[in-house]
Amino acid sequence: MILSKEVTTKVDRFKVSDPAAMAVVGAVAKATGQNIDNITLSTSFIRRHRRKNRKEVATAEKIELPERCLVLLHCDAMQLPDIAGRRKRVEGLAIHVTGGDKEYLLEVAKIPQGTGHHMAEAVLKTVSDAGLEARIQGIVFDTTASNTGPNGGACIKIQEGLGRNLLGFLRAGTTSWK
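For the sequence shown, the UniProt record's numbering gives the first residue as 1, with consecutive numbering after it.
Put into C-alpha cells, the structure is as follows:
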C-alpha cells in the first residue's frame, strides 16, 4: 500500500498539503513501476487515509513508564498557526511526560488563552484521560507568569487539581535577555 502509516506520518511531519501529497504519491507510484490507473489518487482519498492512520498511530502507542521511577509532567505553551484558518495564531499547549528513559507526548491542546487557569484545566484533563494522576511526581516548566503566578499560575492550579504538592523543576534556557 503506497499510503502506509510510515508515508502518511512523514507527509504530516513535513506539513505537506493534501494536493502536494497526492502529487508525490503519484510520482513515487509511477517511478516504482506501479500502474497509476489502478491507484485511487484524489485529495479527499489522501485526506481520509491521513486521518485514519493518525488515529491508528495515536491509539497504538501505549504509555509504559517503569513502575518505580520519577514521572515528570512537562508543559510548553506556544503560539501555533490556526489550521482551521479562522485566526492567524492560536494558543497551544504541548503536554508530555517523562519517566526512566521514556518520553510520551500526551497531547497538544488548543486553549482559548494562555492563562494559568486554561493551561491547568487542559493539563489536568489530559493527565486524567491518560490515567496518570497518581504517577505524576514533579512538573517541569519555564518561569512565565502564567506558570508561576502565586494565585493563578498553572503550577499551583495543577497541584490543587491533583490534591498534592509536586516537585518543581525550572526548564533550562528560559531566561530572556533583551
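Here a beta-carbon is modelled for each residue, glycine too, at the ideal position from N, C-alpha and C.
Kindly indicate the opening and closing residues of the alpha helix (DSSP H) around residue i.
i: E160; result: 154–162
i: G116; result: 116–129
i: P19; result: 18–31
i: T9; result: 5–13
For the ligand NAD, I want to know if residue i counts as a neighbour, meaning its beta carbon is within less than 7 Å of at least one of the ligand's heavy atoms.
i: R54; result: No copy of the ligand NAD appears in this structure; indeed no ligand is present at all.
Out of the options, which one is the CA nearest neighbour of residue i?
i: R171; options: E107, K110, G138; result: G138
i: T115; options: I46, V90, H49; result: V90
i: V123; options: G161, R54, N165, F169; result: G161
i: V127; options: F169, G149, V71, P150; result: V71
i: A130; options: S42, G26, E64; result: E64
i: K110; options: Y104, M119, R164, S42; result: M119
i: T43; options: L3, Q34, L105; result: L3
i: E50; options: T148, Y104, D18; result: Reading the sequence as shown, one finds Arg at residue 50 and not Glu. Nearest C-alpha to R50: D18.
i: V108; options: H117, I95, K102; result: I95
i: E103; options: V28, Q34, P66; result: P66
i: V57; options: L105, P150, Q113, T148; result: L105
i: E133; options: T40, T8, G163, Q113; result: G163
When the Cα atoms are used, what is the spatial distance from residue i to residue j?
i: L73; j: L167; result: 10 Å
i: I136; j: A23; result: 45 Å
i: I156; j: V97; result: 18 Å
i: P81; j: G92; result: 9 Å
i: N38; j: T144; result: 55 Å
i: C75; j: S146; result: 11 Å
i: I158; j: T32; result: 52 Å
i: G152; j: E121; result: 12 Å
i: I46; j: R68; result: 43 Å
i: K5; j: G100; result: 28 Å
i: R13; j: R54; result: 11 Å
i: F141; j: M78; result: 13 Å
i: residue 203; j: K52; result: Since the first residue of the chain shown is 1 and the last is 178, residue 203 is not available in this structure.
i: K10; j: A21; result: 10 Å
i: K125; j: K88; result: 26 Å
i: F169; j: H117; result: 20 Å
i: K15; j: N165; result: 39 Å
i: S176; j: T148; result: Note on S176: pLDDT 44, under 50, position unreliable in the model; no value is reported.
i: T8; j: P150; result: 44 Å
i: T40; j: R48; result: 12 Å
State the start and end residues of the unbroken beta strand (DSSP E) segment that holds residue i.
i: G168; result: 167–170
i: A77; result: 71–81
i: T98; result: 89–99
i: A109; result: 102–111
i: Q137; result: 136–141
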